[in-house]
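So the sequences go chain by chain: A and B. Per this note's numbering, the very first residue in the first sequence carries number 1; after that it's consecutive. Per this note's numbering, the very first residue in the second sequence carries number 499; after that it's consecutive.
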Amino acid sequence: MKKSYILIAIALIATLLLGACGTSTEAPVEEPVATLRIWADEQRAPVLSELGAQFQAEYNVAVVVENISGIRDQFLVAAPAGEGPDIIVLAHDQLPALTESGLIAELDLGAKAAEFDPESLKAFSYEGKLFGMPYARENLGFFYNADLVEEVPTTWQGVYDLSKTLIEAGDIQYGIVLAGTSYDAYPWMTSQGGYIFGVDENGDYNPTDVGVGSEGMIAFGEMALKWKNDGILSDNLDNTTAKSMFLNGDVAFFMNGPWEINNLKASGLNFGIAKFPDGGYPFLGVQGFAVNSMSENVQLAQTFLTEFVATEEAMLALYEADPRGSAYLPAAAMIDDPYLKGIAEAGENAVPMPAIPAMGKVWGDWGNALTFIFDGSKTPAEAYTFAQEAIVAAIGLDTTGMINLPGSWQKAAGFDCEWNPACADTVMTLGDDGLYTATFTIPAGDYEVKVAHDGGWDTNYGVDGVAGGDNILFTVAADGEVTFVYDPETHILDIQLP
Amino acid sequence: MDANPTPLKGEFVKKTILGAGNLLTYLIVLVVDIALGFFAFKLFSLGYTPLGICFVLIIIMISVAFLIPKAHMFKWMAIGLSAWLLFSIFPIVYTIYNAFTNYGDGHLISQTQAIGQIQAQTYLPETGKAYQWIAYRSPENEYLLWLKDADGNTTLVTQVDLEGDAEIPLVSGENGIGELDEEGAPVTIEGYTRLNRILAATDKNLTNIKFGDPENTIQVRSPSEAAELLPLYAYDPETNTFTHATTGTQYFDQEGTYTAKNGERLIPGYTALVGTKNFVQFVNSPGLRGPLVTIVIWNFLFATFSLLLTFSVGLLISIIYGDPKFKGKKILRSLLLIPYTIPSLITILIWRGMFNPDLGVINRILESVFNISPRWFTQPWLARIALLVVNTWLGYPYWMLVTSGALQSIPGDIYEAAEIDGASGWQRFRSITLPLLLVSVGPLMISSFIFNFNNFNLIYAFINGGPPIPTATTQAGYTDIIISYVYNLAFASGRGVQYGYASAISLILFLLIAVMSLLQFRFTNMWEEVGENV
């Protein structure tokens, strides 16, 4: 009995060992010189697999395409561990966070750069350097029911009038329906002058210039409220419902993206896509490829993209798989789809969706504002002003690097804070000499102050630059301007009294 | 190791092996240890030291328990403990560790990786030149690089680390150089293969090799460009600082980013310990001062009403179907279990569709019968009611199952005695059924309460916390419970990935739930006492 056990055990171990040897010695005759791994989504994966097969046949480089959902979330765990793919498919607004984390390699398109849509390239750049190769661009368009609308109005007033006529004739329930309260309504907001972030002199979004509470936004709110009360605009703000209302012919207009085209076509609805009234423009979203900086094949991956994917044939195949406007100009010129042309026209002045971290703090409050206007809990001015304040406060939350002067003087100087190390009004600014300065008008009196880093009390300095030391006392003899100068090396605060 | 084992020790070893049962056990333990050891080794070499230590502990535990006779009683416990170590203790310790780091967007890689990346950043000095290039490789992996600058001048340069001239004259027929193509590049060079783009790209050495004049080396930067590149930042391992090559700015290691005195940061950052920063951030976040009171109150209401409604509906049904006179109860009872068998997410989405104010079946009926059309998703109390209706639907089959079992365990003679004493139906229910039932299902009620207290799925999938609270300074909704609110606060709507911050929040939530579990034990004891008294 025991012997048989031993035999079985030996046999098992032998198979294991042989198996292990077998895999290491039995190599295929023609081993690929390298292997490229690509993570793509459902629609891109089949196209890339086909391209990969050609690439392998031509250059003997194996291309493995893996169909992954939630690419970004998996990538930022896999890449630092050295398990990530060489190339990923991603949207442009995911790029900055990945780039700041050091996970994306700089990309050089060489002479091919001229063959790409400049807006799309800009969307894939970070601090002036290119980090990805775009392949598709998408934006909202102004969808209309072509059975009801013969000529698309170019002004909102025109939309209002036409809707009213159609409603009175009993053709439709409402003139227009919104598929959402933020992104989906943005073209209407921009037509009234609303915006989310202003741009600085380099054309980059400036997170300190928030436009959610701007006059244009409030004008939109008032307009939407009036339209709702007049029964022209449906009070529904849900995406699925909006789609079915448009599909059923209950509304004449709605704003949506190229991803809806196939569904609408399949339903047999006679529809068209036009420019937004009154010069409204949507957000631009760009899809592209990026190379993993931790990959061993950075050069090869770049070459695969620039030589093999940046071709008319491949770009058209990507388009066929999922019809969106191509970011590759030669392919874009070949696309002759009336709907996509409509989308492209509607997106002529589109602005890239802000890809700065502050954008994450905008969505919720921005979108809620319209909900409040519709349920009557706030007036348009209240709603957007409130949202503006909440967003500014949330963005300001990131106080790393802030040098502040919390103290008893803050209140006295007329600011809405006291001993507050994150008070936005009393932040010091850094000069070229490496010293932080700030000047305030302070009334006469005795005050206390400290220097606080990062908007909190974790790091603070008192008398003689001692960490966590005593409060610094100062007396202002007569009302006047007090200048504070702080040396971040010695941590000493110099107070220049009037 | 003792060089001269005493006979006694030898005896012990012999006894141990024999005592380990048969050889098979020994072999299996050996195989398992080798397999686990392999994993541990892999983990150590990949840098996952804590997980590796976990595996080593498991190896020791299993080996000791199976091979030392005295420890045999711990044999099966060792396996359980291994799983416990791996799947409970390790994740908890790891979460605690993460809560004190800045692991998240911008700080995903290790310090070594970040230093490597910063060191690899190069710049083109003002006098530097950029070129188009073609590489030639010899079978000994020596390289020549053909370059063409912007003005069209071509050169052929050699590796810096190899002896010989830095430059080879580009003359066809000399030095083994074959014909020149239209660009001016040699089509062939004797002893070398001209690399096409793909071959050059698959060559892993090429980008690391310096070419040309040792004073002014040229490196391949991208498939289309080679240039006289210099490292942009110099790293000093002793002070752990970077210095900018041209401006001389120094960057210091500061909580996961190399930062200059003026606050300028080097990209990328890396994962570093940041102390209690995450906890401080959470405690200081305006979210905690905002609508938290509303949310906590609703959280308790939601959990309480969910429990009461599911329990009473479930109990009612099981009492009705517990009546022996009831015909066809088996089929009906099976049908009533259906909500329990469908994945809850699907049920939630179906209900979401039915409650749709414009298209949903509920409003269509209400509109045609009563001519009302409630806005289920925008009116706070309507949304809360809709949520409770859905949760009752999802939860009653559980209580139906539990209570019908528990009801049968109540001895029938008690009811008989009560009937003889003249107790009414309600009195019997009130004084016999309910107290005896609560003895057995009491603990389950508390676990159900805690489940609903954290019922993220339902809130998120059905209504995502909405409708929003107009006065809230942070984004919060009337149906938000603590966990969905915290989720929105920390992660939702493109806020990026903050593993460290999230770990800190989950630790705080863990403490909250731990307190509730303690209370549960208290209550359970109380019920047991009630049970003893009955």
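For every residue, glycine included, the Cβ atom is placed at its ideal position computed from N, Cα and C.
> Ile-957 (chain B) and Leu-935 (chain B): beta carbons closer than 9 Å?
Replying inline: For the pair Ile-957 (chain B) and Leu-935 (chain B), the CB atoms are not nearer than the 9 Å cut-off.
> Using 9 Å as the limit for Cβ to Cβ distance, is Lys-702 (chain B) near chain A?
Replying inline: Chain A contact via Cβ: present.
> What residues in the segment 849–867 of chain B bring their beta carbon closer than 7 Å to a beta carbon of chain A?
Replying inline: Of all residues in the segment 849–867 of chain B, only Asn-854, Asp-856, Leu-857 come within less than 7 Å of chain A when Cβ atoms are compared, listed by chain position.
> Which bits of chain A does Arg-695 (chain B) rub up against, with CB to CB less than 7 Å?
Replying inline: Those within 7 Å of Arg-695 (chain B) in chain A are Thr-303, Glu-307.
> Could you give the distance in angstroms between the alpha-carbon of Gly-923 (chain B) and the alpha-carbon of Glu-917 (chain B)?
Replying inline: Distance between the alpha carbons of Gly-923 (chain B) and Glu-917 (chain B): 9 Å.
> Straight-line CA distance for Ala-331 (chain A) to Met-315 (chain A)?
Replying inline: Taking the straight line from one Cα to the other gives about 6 Å.
> Is the shortest distance between the beta-carbon of Ala-561 (chain B) and the beta-carbons of chain A less than 9 Å?
Replying inline: Residue 561 (chain B) is actually Ser in this sequence, not Ala. No, Ser-561 (chain B) does not count as interfacial toward chain A.
>> Here's the rule: buried if 16 or more other CB atoms are within 10 angstroms of the residue's CB, otherwise exposed. What is Arg-137 (chain A)?
In response: So Arg-137 (chain A) ends up on the buried side.
> Glu-753 (chain B): which of A:Asp-322, A:Val-63, A:Gly-401, A:Ile-356 sits nearest, CA to CA?
Replying inline: Selection A:Asp-322, A:Val-63, A:Gly-401, A:Ile-356 evaluated against Glu-753 (chain B) yields A:Gly-401 as nearest (Cα-Cα).
> Which one of A:Asn-229, A:Phe-143, A:Phe-116 has the shortest CA to CA distance from Ile-273 (chain A)?
Replying inline: Closest option to Ile-273 (chain A), Cα to Cα, is A:Phe-143.
> Out of A:Asp-458, A:Cys-423, A:Ile-442, A:Trp-409, which has the shortest C-alpha to C-alpha gap to Ile-472 (chain A)?
Replying inline: The option with the nearest alpha carbon to Ile-472 (chain A) is A:Trp-409.
> Thinking just about the alpha-carbon of each residue, which of A:Pro-488, A:Gly-468, A:Tyr-461, A:Leu-497 is nearest to the one in Gly-480 (chain A)?
Replying inline: Taking only the C-alpha atoms, the option nearest Gly-480 (chain A) is A:Leu-497.
>> Measuring only the C-alpha atoms, how far is Thr-890 (chain B) from Ile-846 (chain B)?
In response: Thr-890 (chain B) and Ile-846 (chain B) have their C-alpha atoms some 11 Å from each other.
> Any idea which residues DSSP pairs Glu-66 (chain A) with across the strands?
Replying inline: Beta-bridge pairing by DSSP links Glu-66 (chain A) to A:Trp-39.
>> Please report whether the beta-carbon of Ala-34 (chain A) lies at a distance below 9 Å from any beta-carbon of chain B.
In response: Closer than 9 Å to some Cβ of chain B, the Cβ of Ala-34 (chain A) qualifies, so yes.
>> Please state the DSSP three-state secondary structure of His-605 (chain B).
In response: Reduced to three states, the DSSP call for His-605 (chain B) is strand.
> Based on the DSSP output, what are the partners of Tyr-126 (chain A) in its beta bridges?
Replying inline: According to DSSP, which records beta bridges pairwise, Tyr-126 (chain A) is partnered with A:Lys-129.
>> Can you list, in chain order, the residues of its chain with a C-beta nearer than 7 Å to that of Gly-445 (chain A)? Leave out the 5 residues immediately preceding and following it.
In response: Taken in chain order, the residues that qualify are Ala-412, Val-476.
> Should Gly-180 (chain A) and Tyr-195 (chain A) be called a contact, given that it needs their Cβ atoms to be closer than 9 Å?
Replying inline: Going by C-beta atoms, Gly-180 (chain A) is not nearer than 9 Å to Tyr-195 (chain A).
> Rounded C-beta distance between Pro-895 (chain B) and Leu-835 (chain B)? I'm assuming under 8 Å.
Replying inline: Right, the Cβ-Cβ distance comes to about 5 Å (below 8 Å), so this counts as a contact.
> Does any C-beta atom of chain B lie closer than 9 Å to the C-beta of Asp-365 (chain A)?
Replying inline: Asp-365 (chain A) counts as touching chain B.
> To the nearest whole angstrom, what separates the beta carbons of Leu-36 (chain A) and Ala-301 (chain A), a pair I think is in contact under 8 Å?
Replying inline: Yes, they are in contact, since the Cβ atoms of Leu-36 (chain A) and Ala-301 (chain A) sit about 6 Å apart, within 8 Å.
> Are His-92 (chain A) and Ser-120 (chain A) close, meaning C-beta to C-beta below 9 Å?
Replying inline: For the pair His-92 (chain A) and Ser-120 (chain A), the CB atoms are nearer than the 9 Å cut-off.
> Should Ala-699 (chain B) be flagged as near chain A, meaning a C-beta pair shorter than 9 Å?
Replying inline: So yes, Ala-699 (chain B) belongs to the interface.
> Are there 16 or more other CB atoms within 10 angstroms of the CB of Ser-1015 (chain B), so buried, or fewer, so exposed?
Replying inline: Counting Cβ neighbours within 10 Å, Ser-1015 (chain B) comes out exposed, since fewer than 16 surround it.
>> Which residues in chain B have a C-beta closer than 7 Å to the C-beta of Gln-506 (chain A)? List them in chain order.
In response: Because chain A spans 1 through 498 in this model, residue 506 (chain A) falls outside it and cannot be assessed.
> Is there a Cβ from chain B that is less than 9 Å from the Cβ of Tyr-59 (chain A)?
Replying inline: Residue-level contact check: Tyr-59 (chain A) touches chain B, since one or more beta carbons of chain B fall below 9 Å from its beta carbon.
> Whose Cβ in chain A lies nearer than 8 Å to the Cβ of Ser-608 (chain B)?
Replying inline: Near Ser-608 (chain B) (Cβ distances below 8 Å), the residues of chain A are Pro-80.
> From what residue to what residue does the alpha helix (DSSP H) around Ala-266 (chain A) run?
Replying inline: Looking at the DSSP string, the run of the alpha helix (DSSP H) that includes Ala-266 (chain A) is 261–267.
> Of the residues A:Glu-489, A:Asn-239, A:Val-392, which one's Cα is nearest the Cα of Asp-433 (chain A)?
Replying inline: The shortest C-alpha separation from Asp-433 (chain A) is found at A:Glu-489.
> Is the segment 999–1010 of chain B touching the segment 590–604 of chain B, taking contact as three or more C-beta pairs under 8 Å?
Replying inline: Inter-segment contact for the segment 999–1010 of chain B and the segment 590–604 of chain B is present: three or more beta-carbon pairs are separated by less than 8 Å.
>> Looking at chain B, is there any beta carbon in it that lies within less than 9 Å of the beta carbon of Lys-228 (chain A)?
In response: Interface criterion not met: the Cβ of Lys-228 (chain A) is under 9 Å from no Cβ in chain B.
>> Short of 7 Å in beta carbon distance, which residues of its chain neighbour Gly-674 (chain B), apart from the five on each side in sequence? Order them along the chain.
In response: Correct list, in chain order: Ile-687, Glu-688, Gly-689.
> What residues from the segment 591–622 of chain B come within 8 Å of chain A, judged by C-beta to C-beta, listed N to C?
Replying inline: Identification of residues in the segment 591–622 of chain B having a C-beta nearer than 8 Å to some C-beta of chain A yields Asp-603, Gly-604, His-605, Leu-606, Ile-607, Ser-608, Gln-611, Ala-612, Gln-615, given in sequence order.
> To which residues of the same chain is Leu-905 (chain B) closer than 8 Å at the C-beta, ignoring the five residues directly before and after it?
Replying inline: Correct list, in chain order: Ser-816, Ile-817, Gly-820, Thr-931, Leu-935.
> Using 9 Å as the limit for Cβ to Cβ distance, is Lys-759 (chain B) near chain A?
Replying inline: It does; some Cβ of chain A falls within 9 Å.
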